[in-house]
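*Asks:* Let me give you the structure first, and then I'll get to my questions.
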Amino acid sequence: MMTEMSTSTDPKIAEMAHLFRRAGFGAAPDQLDQALSAGYEATVERLVQAAASGPAESEPALPPLERPDYAAENARLRGLSEQERRQAVQERQKKEREEYQALHTWWLQRMSVTAVPLRERMTLIWHDHFATGFQKVKSAAFMYDQNELLRKKGMGSFPEMVQAAAKDPAMLIWLDSNSNRKGAPNENFARELMELFTLGIGNYTEDDVRQAARAFTGWTLNLQRGAFAFNAGQHDGDYKTVLGKSGNLSGEEVIDWVTTRPASSTFVAAKLFRQLAHTEPSTETLAGLARVYESGNRVIAPLVREILLSSEFRGDASRRSLVRQPADWVAVSARVLGLAANLDQVGIKGVKGKAAGVKVAGNQPLLAAMAGMGQTLFNPPNVGGWGQNSYWLTTAAAQVRLQTSQALALAADHPESLLEVKGAMPGSDASSPSAALLARLGAPDARAETVAALEAYRKSAGSSSEAVRGLVALALITPDVQVG
Amino acid sequence: MQPYSNSPPETSGPPLPSRRKVLKVAGAVGGAGLALGAGGFTVSRLLDWRHDEDPRISERQPLPVTTSPDAKDGGMVLVAVFLQGGNDGLNTVIPPDGKYKDFRPELSKETANPLPIDNGLALHPKLTRLKALYDEKRLAVVENVGYDKPNLSHFASTDIWMTCDPQGTTGSGWVGRWLDAVDWKGHDPLRALAVGFQVPRYMRGDKTSAAAVQGTSPSAIPLLEGPSGQAYSALAGIPDAYHQLSGVQGNARDLLAVRSSLAQHQTNGAPAAGGAAATPGAAGQLGPQLTDIAALIKAGLPTRVYGAVLGGFDTHAREEGTHADLMSEVDTAIGGLFDSLKGSPYADQVVVMTFSEFGRRAAENGSGGSDHGAGSVLFVAGTPVKGGIYGGTPDLKNLDSNGDIKAAVDFRQVYAEVTEKALGADANEVVGKGFAPVGFMG
Chain A
48 MMTEMSTSTD PKIAEMAHLF RRAGFGAAPD QLDQALSAGY EATVERLVQA
98 AASGPAESEP ALPPLERPDY AAENARLRGL SEQERRQAVQ ERQKKEREEY
148 QALHTWWLQR MSVTAVPLRE RMTLIWHDHF ATGFQKVKSA AFMYDQNELL
198 RKKGMGSFPE MVQAAAKDPA MLIWLDSNSN RKGAPNENFA RELMELFTLG
248 IGNYTEDDVR QAARAFTGWT LNLQRGAFAF NAGQHDGDYK TVLGKSGNLS
298 GEEVIDWVTT RPASSTFVAA KLFRQLAHTE PSTETLAGLA RVYESGNRVI
348 APLVREILLS SEFRGDASRR SLVRQPADWV AVSARVLGLA ANLDQVGIKG
398 VKGKAAGVKV AGNQPLLAAM AGMGQTLFNP PNVGGWGQNS YWLTTAAAQV
448 RLQTSQALAL AADHPESLLE VKGAMPGSDA SSPSAALLAR LGAPDARAET
498 VAALEAYRKS AGSSSEAVRG LVALALITPD VQVG
Chain B
134 MQPYSNSPPE TSGPPLPSRR KVLKVAGAVG GAGLALGAGG FTVSRLLDWR
184 HDEDPRISER QPLPVTTSPD AKDGGMVLVA VFLQGGNDGL NTVIPPDGKY
234 KDFRPELSKE TANPLPIDNG LALHPKLTRL KALYDEKRLA VVENVGYDKP
284 NLSHFASTDI WMTCDPQGTT GSGWVGRWLD AVDWKGHDPL RALAVGFQVP
334 RYMRGDKTSA AAVQGTSPSA IPLLEGPSGQ AYSALAGIPD AYHQLSGVQG
384 NARDLLAVRS SLAQHQTNGA PAAGGAAATP GAAGQLGPQL TDIAALIKAG
434 LPTRVYGAVL GGFDTHAREE GTHADLMSEV DTAIGGLFDS LKGSPYADQV
484 VVMTFSEFGR RAAENGSGGS DHGAGSVLFV AGTPVKGGIY GGTPDLKNLD
534 SNGDIKAAVD FRQVYAEVTE KALGADANEV VGKGFAPVGF MG
């Protein structure tokens, strides 16, 4: 099978490039070089260790994010006249949007400059998993806090991460946990906890949802402190049965129980496999991964390591099997094209309106582009997160990717340096300037036909600055760079 | 939960048994005729494709004007509006039952002055345009729509409504199957259009998929011209593409076909799509979508099915206010669509249908909202529609074991009727066998 897929590239280079596309955002040529010297297994080990226990990063600087005393704010608003209140609300909303945009740009910049790419990759995976959206949460500070929580805990114990995520203010708002009252609980959090976060459909009943909902009553968000608070008066502490466990179960006990069910192991394994390897794992594969997860005490790092070292990940089945998410593609482009610093100025200009639930003004080109491609960070379309593969491949999105590709290429810093054949490939010169460009974009294993198409363009378009940027735009839009 | 996407995540969820397990990815707009495996080793051979010879853009026929609903192919245009999150049917069309207030002491306050129609039912106070359509006998209120053994998961129930398969083993959506059923060769890729970035599952078939259009006029893209355009075409046709390389290439071919087709319709003298005046009061997210759709219909695009979506219906908490805003948005947008179409030769061919993955529980919860339910109401509006009330009234004395409304009309009956009468296609193939029409298309 390998011969059908092989390019003229050395299979070891292809394999390593594949690893870096999945466990990060592509490798720069010198990183690829080092990794090849160290070998595949050692590289996986290094990547996993860095993500699990590397020091926190501070680049880029976090934009200022307001953390108001919401209780005081709301009280102040109530004291205003109708007109004043409307104005104050408008001002607050404007500030919220500006903060949202700044935070959105911040994370894309972080993905493009990070020295710990697997950690950012895992944070993105967990953001998709515990999908929570700014358009309801309405606080960039809360969204950032959740992001940091996922970053810090993303390679650690999964049950612990769920406990923390459940009480995270953004989540409390998103799934209405902040107003869950004894006697008539709302089922939102209890349902999504089981369906989407821990067990999956078919592994719990409607009765379990109803009983679990009772356990989460009394959970609330203290608006003054912007933190979880427990209102004992609203908590239903009575006898309940969830998935066969009975008692006066608290919310924490329910979470502990659901995250330690065997079905949860398979569920978590499946989620990570689909995000890292390919979207159709076999039952056997998942059973094996579930065993590793359980014997590793439900810690994520060993599971990730196991996936990355598996023959299924390294071989044909996973090769070129995941379409790059828009954030991934933009992060790679920003890094390689030297755009991180002014990233929020790159994108589709002149687009206004509400896109993906977020209001986009005409001067927010990057946000407009991401919305058009279907991925506004910190604002997934629903609690199920984003989809995969053909989810991204609509004609509307394809058009926006083209337009964004042009914009990225136009803004690139010294693009002609990307065509330099020396230093683009490990161990040898690249076969052509186009091959060099593709290699730097994370595809040293680009197909011969892809390189040929770009070379044909380069030869007919010449070497003007405009032609070089045209080549860069084309390279960004090749299937070999669109696919991870 | 606030706004949803049109389609549930394709491959998230439990491994096996998975609703998504057998999904064959439909990436081809208008039918490039190749099934793209979602994971397995599928290689496409495309030695002969050239954009300028793509048979999908050979047709240049605008939408025919027809006023005869009796024609085998009714020639109508269906505008499907997905109300995502689970629209609260009991607060959309208020039942006459005294138990309504018992179940909903708080939520019934919001519907205090509803707009009476017939049979004791009344529309939510904000649905003034729909009320006017009802008075003109152009609105069908279809009550108690759902399916047997309701599933209360957003994703599972959305899948069921979109694929018509409660077992969860079908990957294709019903409009997608309509696209598949018609011979794709030479058919305009614009036959079905989703407005916005996403193509929802109901518009994806096994072989073909609706196109997605954002905004109405294709802006010029320099990269698609000259030598770079040739390179783009070359990249879109690389043979032996595998896995998602094949998917991306198909996507590129589809984009080229859609752009060419849209451009065709503009050069045919049809008014430039996108030139329509904004629908008055078009706020939020649905108004702009229906504004675009009206413009595309007026431009004579051969599109027979348009898909729009409005999220935010998952009102577990603080439903009052939120639901009223949504009702207002839906009402204004649909009213605005018909306003925009006034005077167009196509005005009387348009049928608007709303749908949602489930209704909401009869009893409100303690958070001022309601949880996931089952049976609910949907609307079908337009000149070809025989206005009135179908499906009975909600029976609050006979709820199911979860405390939800039982379905009296299977949603597939609604689809079957629309498929036969509006699209002129075989409901057996598109929706499934044995779904008797409800009667709202006469």
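From first to last, the protein sequence lines are chains A and B.
Take 48 as the starting number for the first sequence in the working numbering and just add one per residue.
Take 134 as the starting number for the second sequence in the working numbering and just add one per residue.
Beta carbons: idealized from backbone N, C-alpha and C, even for Gly.
Please report how far the alpha carbon of Ala486 (chain A) lies from the alpha carbon of Thr465 (chain B), in whole angstroms.
*Replies:* What you label residue 486 (chain A) is simply residue 439 of the first sequence in a count that begins at 1. What you label residue 465 (chain B) is simply residue 332 of the second sequence in a count that begins at 1. Cα-Cα distance, rounded: 52 Å.
*Asks:* Of all the options B:Leu256, B:Leu211 and B:Phe236, which has the alpha carbon lying nearest to the alpha carbon of Ala457 (chain B)?
*Replies:* For the purposes of this step, residue 457 (chain B) is identified with residue 324 of the second sequence, where counting begins at 1. Checking every option, the nearest Cα to that of Ala457 (chain B) belongs to B:Leu256.
*Asks:* Looking only at its own chain, which residues have a Cβ that is under 6 Å from the Cβ of Phe174 (chain B), when we skip the five neighbours before and after it?
*Replies:* Walking along the second sequence from the start, residue 174 (chain B) turns up at place 41. Its pLDDT being 28, under 50, Phe174 (chain B) is placed unreliably in this model, and the coordinates cannot settle the point.
*Asks:* Based on Cα-Cα distance, which residue from A:Glu106, A:Val301 and A:Pro462 lies nearest to Thr264 (chain A)?
*Replies:* The residue you call residue 264 (chain A) lines up with position 217 of the first sequence. Looking at the Cα atoms, A:Val301 is the closest of the given residues.
*Asks:* Under a three-way DSSP split, which group does Ala159 (chain B) fall into?
*Replies:* Position 26 of the second sequence, counting from 1, holds the residue named residue 159 (chain B). With a pLDDT of 31 at Ala159 (chain B), under the threshold of 50, the modelled position of this residue cannot be trusted; read the value that follows with caution. Three-state result, Ala159 (chain B): coil.
*Asks:* What is the C-beta distance between Gly508 (chain B) and Arg494 (chain B), in whole angstroms, given that I count them as a contact (C-beta under 8 Å)?
*Replies:* Within the second sequence, residue 508 (chain B) is the residue found at index 375, counting from 1. Within the second sequence, residue 494 (chain B) is the residue found at index 361, counting from 1. Actually they do not touch by this definition, with Cβ atoms about 11 Å apart.
*Asks:* Excluding the five sequence neighbours on either side, which residues of its own chain have a C-beta within less than 7 Å of the C-beta of Met341 (chain A), listed in chain order?
*Replies:* For the purposes of this step, residue 341 (chain A) is identified with residue 294 of the first sequence, where counting begins at 1. It is worth fixing the name first, because residue 341 (chain A) is Glu in this sequence and not Met. Closer than 7 Å at the Cβ level, and outside the excluded window around Glu341 (chain A), lie Ser312.
*Asks:* Could one say the Cβ of Leu427 (chain B) lies closer than 8 Å to chain A's Cβ atoms, at least one of them?
*Replies:* Sequence index remark: in the second sequence, residue 427 (chain B) carries index 294 (1-based). Note that residue 427 (chain B) corresponds to Ala in the displayed sequence, not to Leu. No, its Cβ sits nowhere closer than 8 Å to a Cβ of chain A.
*Asks:* Under the three-state reduction of DSSP, which class applies to Trp307 (chain B): helix, strand or coil?
*Replies:* Your numbering for residue 307 (chain B) matches position 174 in the second sequence. Correct three-state label for Trp307 (chain B): helix.
*Asks:* Would you tell me roughly how many angstroms separate the C-alpha atoms of Arg352 (chain A) and Leu333 (chain A), rounded to the nearest one?
*Replies:* Along the first sequence, one-based indexing puts residue 352 (chain A) at 305. Along the first sequence, one-based indexing puts residue 333 (chain A) at 286. Cα to Cα, the separation comes out at about 14 Å.
*Asks:* Are any of the Cβ atoms in chain B nearer than 8 Å to that of Thr442 (chain A)?
*Replies:* Numbered from its first residue, the first sequence carries residue 442 (chain A) at position 395. Yes, Thr442 (chain A) counts as interfacial toward chain B.
*Asks:* Name the chain B residues whose beta carbon is nearer than 7 Å to that of Arg367 (chain A)?
*Replies:* The count along the first sequence starts at 1 and reaches residue 367 (chain A) at position 320. The contacting residues are Tyr375, His376, Gln377 and Leu378.
*Asks:* Taking only beta-carbon atoms, is Ile293 (chain B) less than 8 Å away from chain A?
*Replies:* In the second sequence, residue 293 (chain B) corresponds to position 160, counting from 1. It does not: the Cβ of Ile293 (chain B) has no partner Cβ on chain A nearer than 8 Å.
*Asks:* DSSP state of Pro333 (chain B), grouped into three classes?
*Replies:* Against the second sequence, residue 333 (chain B) aligns to sequence position 200. Pro333 (chain B) falls in the coil class under three-state DSSP.
*Asks:* Given a cut-off of 8 Å, decide if Leu501 (chain A) and Gly73 (chain A) are closer than it, judged by their beta-carbon atoms.
*Replies:* For the purposes of this step, residue 73 (chain A) is taken as residue 26 along the first sequence, with counting starting at 1. For the purposes of this step, residue 501 (chain A) is taken as residue 454 along the first sequence, with counting starting at 1. Cβ atoms of Gly73 (chain A) and Leu501 (chain A): not closer than 8 Å.
*Asks:* Give a yes or no on whether 8 Å exceeds the smallest Cβ distance from Phe488 (chain B) to chain A.
*Replies:* Looking up residue 488 (chain B) in the second sequence gives position 355. No, its Cβ sits nowhere closer than 8 Å to a Cβ of chain A.
*Asks:* Using 8 Å as the threshold, is the C-beta distance between Leu196 (chain B) and Tyr479 (chain B) below it?
*Replies:* Indexing the second sequence from 1 puts residue 196 (chain B) at position 63. Indexing the second sequence from 1 puts residue 479 (chain B) at position 346. Yes, these two residues count as a Cβ contact at 8 Å.
*Asks:* When the Cα atoms are used, what is the spatial distance from Pro413 (chain B) to Leu470 (chain B)?
*Replies:* Translated into the one-based positions of the second sequence, residue 413 (chain B) becomes position 280. Translated into the one-based positions of the second sequence, residue 470 (chain B) becomes position 337. Unreliable positioning characterises Pro413 (chain B) in this predicted model, as indicated by a pLDDT of 27, which lies under 50. The coordinate reading is nonetheless provided below. Rounded to the nearest angstrom, the two C-alpha atoms are 10 Å apart.
*Asks:* Which ranges would you report for the alpha helix (DSSP H) in the region 210-287 of chain B if only whole runs of at least 4 residues count?
*Replies:* Taking only runs of at least 4 residues, the alpha helix (DSSP H) segments lying wholly in the region 210-287 of chain B are 222-225, 232-236, 240-243 and 261-268.
*Asks:* For Glu621 (chain B), which residues from the same chain have a beta carbon less than 6 Å from its beta carbon, with the 5 sequence-adjacent residues on both sides left out?
*Replies:* Since the first residue of chain B shown is 134 and the last is 575, residue 621 (chain B) is not available in this structure.
*Asks:* Exposed or buried, Gln271 (chain A), counting other C-beta atoms within 10 Å across all chains shown (16 or more means buried)?
*Replies:* Locating residue 271 (chain A) in the first sequence gives position 224, counting from the first residue. Result: exposed.
*Asks:* Indicate whether at least one CB of chain B lies closer than 8 Å to the CB of Arg494 (chain A).
*Replies:* Your numbering for residue 494 (chain A) matches position 447 in the first sequence. Closer than 8 Å to some Cβ of chain B, the Cβ of Arg494 (chain A) qualifies, so yes.
*Asks:* Name the two residues that bound the continuous alpha helix (DSSP H) containing Leu150 (chain A).
*Replies:* The residue you call residue 150 (chain A) lines up with position 103 of the first sequence. First-last of the alpha helix (DSSP H) with Leu150 (chain A): Glu129 to Val160.
*Asks:* With 8 Å as the threshold, decide whether the Cβ of Gly280 (chain A) is near any Cβ in chain B.
*Replies:* In the first sequence, residue 280 (chain A) corresponds to position 233, counting from 1. No, its Cβ sits nowhere closer than 8 Å to a Cβ of chain B.
*Asks:* List the residues that DSSP assigns as beta-bridge partners of Thr451 (chain A).
*Replies:* By one-based count along the first sequence, residue 451 (chain A) stands at place 404. Beta-bridge pairing links Thr451 (chain A) to no other residue.
*Asks:* To the nearest angstrom, how far is it from the Cα of Leu389 (chain B) to the Cα of Ala367 (chain B)?
*Replies:* Position 256 of the second sequence, counted from the start, is the residue given in the question as residue 389 (chain B). Position 234 of the second sequence, counted from the start, is the residue given in the question as residue 367 (chain B). Cα-Cα distance, rounded: 12 Å.
*Asks:* With 16 as the cutoff for other CB atoms within 10 Å, does Lys287 (chain A) come out buried or exposed?
*Replies:* As a first step, residue 287 (chain A) is located in the first sequence; it is residue number 240 there, counting from the start. Classification for Lys287 (chain A): buried.
*Asks:* Using a cut-off of 7 Å between C-beta atoms, extract the partners of Ala364 (chain B) located in chain A.
*Replies:* To locate residue 364 (chain B), count along the second sequence from 1; it is residue 231. Within chain A, the residues near Ala364 (chain B) are Ala500, Leu501, Ala503, Tyr504 and Leu521.
*Asks:* Tell me where the alpha helix (DSSP H) around Phe67 (chain A) begins and ends.
*Replies:* Here residue 67 (chain A) refers to the residue found at position 20 when the first sequence is read from its first residue. Pro58 to Arg69 is the extent of the alpha helix (DSSP H) around Phe67 (chain A).
*Asks:* Looking at chain B, which residues of the region 148-172 of chain A have a Cβ within less than 7 Å of any of its Cβ atoms?
*Replies:* So the list is empty, because no residue satisfies the distance condition.
*Asks:* If you run the structure through DSSP and keep just helix, strand and coil, what is Ala178 (chain A)?
*Replies:* Walking along the first sequence from the start, residue 178 (chain A) turns up at place 131. In the structure shown, Ala178 (chain A) sits in coil (DSSP, three-state: anything other than H, G, I, E or B).
*Asks:* In chain A, which residues lie with their C-beta within 9 Å of the C-beta of Gly502 (chain B)?
*Replies:* Locating residue 502 (chain B) in the second sequence gives position 369, counting from the first residue. Under the 9 Å cutoff, chain A gives Asp223, Ser226, Asn233 and Asn235.
*Asks:* Can you tell me the Cα-Cα spacing of Val339 (chain A) and Pro349 (chain A), whole angstroms?
*Replies:* To locate residue 339 (chain A), count along the first sequence from 1; it is residue 292. To locate residue 349 (chain A), count along the first sequence from 1; it is residue 302. C-alpha separation (whole angstroms): 7 Å.
*Asks:* Does any CB atom of chain A fall closer than 8 Å to the CB of Gly329 (chain B)?
*Replies:* Here residue 329 (chain B) is taken as the residue at index 196 of the second sequence, counted from 1. Interface residue, yes.
*Asks:* Can you list, in chain order, the residues of its chain with a C-beta nearer than 7 Å to that of Pro480 (chain A)? Leave out the 5 residues immediately preceding and following it.
*Replies:* Translated into positions along the first sequence, residue 480 (chain A) becomes position 433. Excluding sequence neighbours, Pro480 (chain A) sits near Leu466, Val468 and Arg505.
*Asks:* Could you check what DSSP says for Gly378 (chain B) in three-state terms: helix, strand or coil?
*Replies:* Here residue 378 (chain B) is taken as the residue at index 245 of the second sequence, counted from 1. The displayed chain sequence assigns Leu, not Gly, to residue 378 (chain B). Leu378 (chain B): helix per DSSP, three-state reduction.
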